[in-house]
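Trainee:
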Amino acid sequence: LTADILVVGGGAAGCMAALAAARRGAAVVLLERNEKLGRKLYITGKGRCNLTNCCSVSECLAHIPRNSRFLTSAITRFSPADAMAFFEELGVPLKVERGNRVFPVSDRASDVIDALLRGLRRAGVDIVRGRAAQLIVRAGQACGVRCEGGEELYARAVILATGGMSYPATGSTGDGYRLAGQAGHTIVPPRGSLVPLEAEGCAAMQGMSLRNVALRVADGAGETVFEEQGELLFTHFGLSGPLVLSASAHMRSGAAGYTAFIDLKPALDEKTLDRRLVRELGGNGGRSVGHVLEALEPVRLIGTVLAQAQVSGQQRAGEVSRPARARLVKTLKGLRFAVTGLRPVEEAIVTAGGVEVSEVSPKNMGSKLVKGLYFAGELLDVDAYTGGFNLQIAWSTAHAALTFS
Ligand SMILES: Cc1cc2nc3c(=O)[nH]c(=O)nc-3n(C[C@H](O)[C@H](O)[C@H](O)COP(=O)(O)OP(=O)(O)OC[C@H]3O[C@@H](n4cnc5c(N)ncnc54)[C@H](O)[C@@H]3O)c2cc1C
274 LTADILVVGG
284 GAAGCMAALA
294 AARRGAAVVL
304 LERNEKLGRK
314 LYITGKGRCN
324 LTNCCSVSEC
334 LAHIPRNSRF
344 LTSAITRFSP
354 ADAMAFFEEL
364 GVPLKVERGN
374 RVFPVSDRAS
384 DVIDALLRGL
394 RRAGVDIVRG
404 RAAQLIVRAG
414 QACGVRCEGG
424 EELYARAVIL
434 ATGGMSYPAT
444 GSTGDGYRLA
454 GQAGHTIVPP
464 RGSLVPLEAE
474 GCAAMQGMSL
484 RNVALRVADG
494 AGETVFEEQG
504 ELLFTHFGLS
514 GPLVLSASAH
524 MRSGAAGYTA
534 FIDLKPALDE
544 KTLDRRLVRE
554 LGGNGGRSVG
564 HVLEALEPVR
574 LIGTVLAQAQ
584 VSGQQRAGEV
594 SRPARARLVK
604 TLKGLRFAVT
614 GLRPVEEAIV
624 TAGGVEVSEV
634 SPKNMGSKLV
644 KGLYFAGELL
654 DVDAYTGGFN
664 LQIAWSTAHA
674 ALTFS
C-alpha cells in the first residue's frame, strides 16, 4: 500500500494530522492498531472530553511546563481558539466551563471522535488496522512501516503519533519510542505526569475523598511548588484525585523529598479555627478530645490528626493545654504526608518524556535526523497541566506536522 503520507496512531494527534494533511490535498493512510480510533480520547475528561482551554496562546503556553518554547510556533499557528473553531465547524458544538475548560455541549467524548471520523472519511483518508512494528528507512529517508503481521506500508512521509505509555489498555504502549529510536532519535526517559502519589500513613483513610480542602506540596528545601483548593482522595498507596494529579505535574524532580500538606479547613484562618476549637473543647470539657473533634472532621481522619498533633484522643477536652491546642490548629491547617513515590507511568494521565525536541523542527515537527519523518502529540517530550492543554498540544503539533516542508 502506498500513500503520500502515512500517519501511525489514530488517537487525538493522529486523527488531526491525517485530517489536516488530507485537507491539504494529500493521499493519506491512517494506521491504528485498535479496531476503533481514539480509545484514549473516549475516556478523556471523565468521558466528557475537555478538548481544549479557552485562553490566549500565552496563557496556554504558561500551562505547559515542559518544552513550551518548542511548542510556541505550533500553538500560535493552531491556537485554542482555532481548535474551538475547528471542532465547531466539524459539527461539535462547544461550551466553556470553570477554569476556561472547553467541552462538547453534549458532554460526550464520543461526539468528538465521531466528528473526527466523519471528517476523515469525507476527506478520503484511508483508515487501516494494524500495529506498526518497525520503521522503514531507506537512504536516510523514512518511507514506511512494517506491521506486526509483516505487511509493509509505504509513503513519502511518515508521521508518528503513537502517544505515550499511560493507560496502555487504550493502545498507547510506548511503541513510538522504539520506532523513533530506530531512526536514531533520543528518547527522554518516559515517566508519569498527572499521576497519583505514593505517601506514607494513608491506608487508614483509604477510599475517603475530601472536598473543599487545600493541598500544598513543598519540595525538599521547603519551597512550595503547588498550592490549590479542591478535591482529593486517599487510596491504599497514598493520595489521588484531581488536586493530587495536578500537583504531580509540578514535581519536576520525581517524588524525592516532597511533602504534601492538606489544609482541612481552608476557609478558616488559624485564629478563627482556634476560636472554633476553644468553643468546641470548652463546651464539651468532660468528653474526650477524639470525640469532640468529630464535630470538625470525618471520624477516620481523627486518629491521624491526633497523632500528628501529638495529642491523646483519650484526654478530656477541658484539659487540653494551649500548646496542644496550637498543635491541633497547625495540624488541621496542614496534615502532613511524606511523598515516597509517583505511581507508575501506566497510571498517569499523561507521559512526560519522549522524543527529544531538540532533534525535531518546531516549525513542521520534522525529524532533524531522518528525512520524511514527523512527530505529533504526546510521543514528543512535552506535557501540560490539566485543563485541556494536553489535547491542545496534540491538535497543534498535528496541525503543524508537515507544514513548511
Ligand atoms: C483518563 C485520561 C483522561 C484524560 N483527560 C484529558 C482531558 O480531559 N483533556 C486533555 O487535554 N487531555 C486529557 N488526557 C490526556 C490526553 O488524552 C492525551 O494527552 C492525548 O490523548 C494524547 O494524544 P496522542 O494522539 O498523542 O496519543 P493517544 O491519544 O494516546 O493516541 C495514540 C494512538 O496510537 C495508537 N498506537 C500506538 N502504537 C501504535 C502502533 N505501533 N501502531 C499503530 N497504532 C498505534 C494507539 O492505539 C492510540 O490510538 C487524558 C488522559 C487520560 C489517560
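Numbered by the working numbering, the letters in the sequence shown go through residues 274 to 678 in order.
All residues carry an ideal CB built from backbone N, CA and C; glycine is no exception.
Scan the stretch 393-432 and note each continuous beta strand (DSSP E) run of 3 residues or more that stays entirely inside, going in chain order.
Mentor: For the stretch 393-432, whole beta strand (DSSP E) runs of length 3 or above, ordered along the chain, are 399-402, 405-411, 414-420.
Trainee: Give the list of continuous alpha helix (DSSP H) stretches no shorter than 4 residues that lie fully inside the stretch 570-622.
Mentor: As far as the stretch 570-622 is concerned, its whole alpha helix (DSSP H) runs of at least 4 residues are 572-582, 595-605.
Trainee: Does the pairing of the stretch 292-310 with the stretch 320-327 give three or more beta-carbon distances under 8 angstroms?
Mentor: The stretch 292-310 vs the stretch 320-327: no contact.
Trainee: I'd like to confirm the pairing. Which residues does DSSP put opposite Asn340 in its beta bridges?
Mentor: Looking at the DSSP assignment, Asn340 forms no beta bridge with any residue, so it has no partner.
Trainee: For the pair the stretch 506-522 and the stretch 610-628, tell me if three or more CB-CB distances fall below 8 angstroms.
Mentor: Touching, yes, given that three or more Cβ pairs across the two stretches are closer than 8 angstroms.
Trainee: Tell me which same chain residues have a C-beta within less than 7 angstroms of the C-beta of Arg484, skipping the five on either side of it?
Mentor: Excluding residues within five positions, the ones whose Cβ falls inside 7 angstroms are Glu504.
Trainee: Kindly provide the ranges of any beta strand (DSSP E) runs that are 3 or more residues long and lie completely inside the stretch 491-559, ordered along the chain.
Mentor: List check, beta strand (DSSP E) in window: 497-507, 511-513, 532-536.
Trainee: Per DSSP, what kind of secondary structure is Arg306 in: helix, strand or coil?
Mentor: Coil at Arg306, not helix or strand.
Trainee: Count the other CB atoms within 10 Å of the CB of Ser526; is the residue buried (16 or more) or exposed (fewer)?
Mentor: Under this definition Ser526 is an exposed residue.
Trainee: Closer than 6 angstroms to a non-hydrogen atom of ligand 1 - does that hold for the CB of Thr676?
Mentor: Thr676 Cβ: outside cutoff for every heavy atom of ligand 1.
Trainee: Indicate the three-state DSSP secondary structure (helix, strand or coil) for Glu651 in the structure shown.
Mentor: Glu651 falls in the helix class under three-state DSSP.
Trainee: How many angstroms separate the CA atom of Phe499 from the CA atom of Ala520?
Mentor: Each residue's alpha carbon lies about 6 angstroms from the other.
Trainee: If you reduce the DSSP assignment to three classes, tell me which class Val486 lands in.
Mentor: If DSSP states are grouped into helix, strand and coil, Val486 belongs with the strands.
Trainee: From which residue to which residue does the beta strand (DSSP E) around Glu471 run?
Mentor: Segment 470-472, the beta strand (DSSP E) holding Glu471.
Trainee: Nearer than 6 angstroms: is that true of the beta carbon of Ala412 relative to any heavy atom of ligand 1?
Mentor: Answer for Ala412: no, Cβ out of range of ligand 1.
Trainee: Along the chain, which unbroken stretches of the alpha helix (DSSP H) at least 4 residues long are found entirely within the stretch 326-374?
Mentor: Whole alpha helix (DSSP H) segments, 4+ residues: 330-335, 341-350, 353-362.
Trainee: Check the DSSP bridge columns for Ser383 and list the partner residues they point to.
Mentor: Ser383 pairs with nothing; no bridge assigned.
Trainee: Please classify Gln665: is it buried, with 16 or more other beta-carbons within 10 angstroms of its beta-carbon, or exposed?
Mentor: Gln665 is buried by the Cβ-count criterion.
Trainee: Would you say the beta carbon of Ala286 comes nearer than 6 angstroms to a heavy atom of ligand 1?
Mentor: True, at least one ligand heavy atom lies under 6 angstroms from that Cβ.
Trainee: Keeping to the same chain, check which residues put their C-beta closer than 6 angstroms to that of Ala285; ignore five residues upstream and five downstream.
Mentor: If we look at Ala285 and ignore the five residues flanking it on each side, its Cβ neighbours are Leu314, Leu664, Ala667.
Trainee: Bridge partners of Arg312, per DSSP?
Mentor: Note: Arg312 sits in no beta bridge, so no partner.
Trainee: Put Gly447 into one of helix, strand or coil per three-state DSSP.
Mentor: In the structure shown, Gly447 sits in coil (DSSP, three-state: anything other than H, G, I, E or B).
Trainee: DSSP puts Val460 in a beta bridge; with which residues?
Mentor: Reading the sequence as shown, one finds Ile at residue 460 and not Val. The partner list for Ile460 (beta bridge, DSSP) reads Val628.
Trainee: Beta-carbon within less than 6 angstroms of Pro635's beta-carbon, same chain only, minus the 5 sequence neighbours each way: which residues are those?
Mentor: So the qualifying residues of the chain are Phe343, Ser346.
Trainee: Taking its Cβ as the centre, do 16 or more other Cβ atoms sit within 10 Å of Gly228, making it buried, or is it exposed?
Mentor: Beyond the ends of the chain as shown, which are 274 and 678, falls residue 228; an answer cannot be given.
Trainee: Count the CB pairs spanning the stretch 635-646 and the stretch 406-413 that are closer than 8 angstroms, and state whether there are at least three.
Mentor: Short answer: they touch.
Trainee: Assuming Val281 is part of the beta strand (DSSP E), what are its boundary residues?
Mentor: Where Val281 is concerned, the enclosing beta strand (DSSP E) stretches over 275-281.
Trainee: I need the DSSP call for Leu292, collapsed to helix, strand or coil.
Mentor: Looking at Leu292 - three-state DSSP - the assignment turns out to be helix.
Trainee: Note down the Cα distance separating Val618 from Gln588, rounded to an integer number of angstroms.
Mentor: One C-alpha to the other measures close to 45 angstroms.
Trainee: Count the other C-beta atoms from every protein chain shown that fall within 10 angstroms of the C-beta of Pro463, then say buried if there are 16 or more, exposed otherwise.
Mentor: Buried, by the Cβ-count rule.
Trainee: Can you name, in chain order, every residue of its own chain whose Cβ lies under 8 angstroms from the Cβ of Leu518, other than the five neighbours on each side?
Mentor: Only Leu467, Val468, Pro469, Ile622, Thr659 meet the Cβ criterion.
Trainee: Helix, strand or coil for Leu467? Go by DSSP, reduced to three states.
Mentor: Note: Leu467 maps to coil in three-state DSSP.
Trainee: Look up Gly454 in the DSSP assignment and give the residues it is bridged to.
Mentor: Bridge partners of Gly454: none, in fact.
Trainee: Do Arg404 and Cys420 have their C-beta atoms closer together than 7 angstroms?
Mentor: Yes, Cβ-Cβ distance for Arg404 and Cys420 is below 7 angstroms.
Trainee: If we ignore side chains and look at the alpha-carbon of each, how far apart do Ala358 and Phe351 end up?
Mentor: Near 10 angstroms, if we compare the C-alpha coordinates of Phe351 and Ala358.
Trainee: Mind checking Gly372: buried by the 16 CB within 10 Å criterion, or exposed?
Mentor: Answer is exposed; the Cβ neighbour count stays below 16.
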